[in-house]
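To keep things clear, I will list the structure first and then write my remarks on it.
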Amino acid sequence: MLMNLFFMNWMLSMMFLTMNHPLSLGCILLSQTILISLISSLFYLNFWYSYILFLIMIGGMLIMFIYMTSIASNEKFKLPNKNMLIFIGTSIMFFIMMIMLIDNYFNFISNKNYLNFNQFSFYKNFSLIKFFNYPNFQILILLMAYLLITLIAIVKIINKKKNSLRQFS
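Position one of the sequence shown corresponds to residue 1 (UniProt numbering), numbered consecutively onward.
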């Protein structure tokens, strides 16, 4: 499962490089955010880190969407060209083949009892409690202060000009 998520993330990263419209870039970025949230939630015992990551990325993407619609509101969205469609099709086929090969490989190993699943029990020890303990909580407080100062600076910049971002000329 984790390997599939990593491969899907890699495939979306390759597609991200070929896109040129802000709407398609935003869709791929949203998909990657969902995948990274799923991957991080599989590593930790609690899902709070992935929830926070997802909500922060959605908030940032909404702000970027506001900027995009106010600056380039009349730009047409074009479907990808043939080369991009061929690339997407081959990567999806490659992804499906990888899933089938990996599933067959793990089924073969589990049937032969070669794989001991006790070696995967170290994932149970991951928790975010260590993130809030002594050496790391100082970084967390510094990050909170930085975000607060950035928020105040952005509010001050926006309040100086009470007009829209797009110039009407």
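Quick reminder that beta carbons are idealized off the backbone N, C-alpha and C, glycines included.
Nothing here was measured: the structure is a model prediction, and the numbers come from that model.
Task: Contacting residues, own chain, Cβ-Cβ under 7 Å from Phe65 (five flanking each side not counted) - done: Within the same chain, Phe65 has close Cβ partners Gly26.
Task: Meets three-Cβ-pair contact criterion under 8 Å: the stretch 13-22 and the stretch 84-95 - done: Proximity of the stretch 13-22 to the stretch 84-95 meets the contact definition, three or more beta-carbon pairs being nearer than 8 Å.
Task: Pick from Met68, Leu53, Ala153 and Leu2 that is closest to Leu30, judged by C-alpha positions - done: Measuring from the Cα of Leu30, the nearest candidate turns out to be Leu53.
TODO: Drop a sphere of 10 angstroms on the beta-carbon of Met8, count the other beta-carbons inside from all chains shown, and report buried for 16 or more, exposed for fewer.
DONE: Per the 10 Å Cβ criterion, buried.
TODO: With Phe7 as the anchor, note down where its alpha helix (DSSP H) starts and where it stops.
DONE: In the DSSP assignment, Phe7 falls within the alpha helix (DSSP H) that extends over Leu2 to Thr18.
Open item on the list: Tell me the DSSP secondary structure of residue 170 in three-state form.
Closed with: Lying outside 1 to 169, the shown extent of the chain, residue 170 is not represented and no answer is given.
Open item on the list: Can you give me the C-alpha to C-alpha distance between Ile86 and Ile63, rounded to a whole angstrom?
Closed with: It is roughly 32 Å from the alpha-carbon of Ile86 to the alpha-carbon of Ile63.
Open item on the list: Give me the residue from Leu147, Ile39, Leu55 and Met68 with the minimum Cα distance to Asn4.
Closed with: Asn4 has its Cα closest to that of Ile39, out of Leu147, Ile39, Leu55 and Met68.
- [ ] Reducing DSSP to helix, strand and coil, say where Phe137 ends up.
- [x] Phe137: helix per DSSP, three-state reduction.
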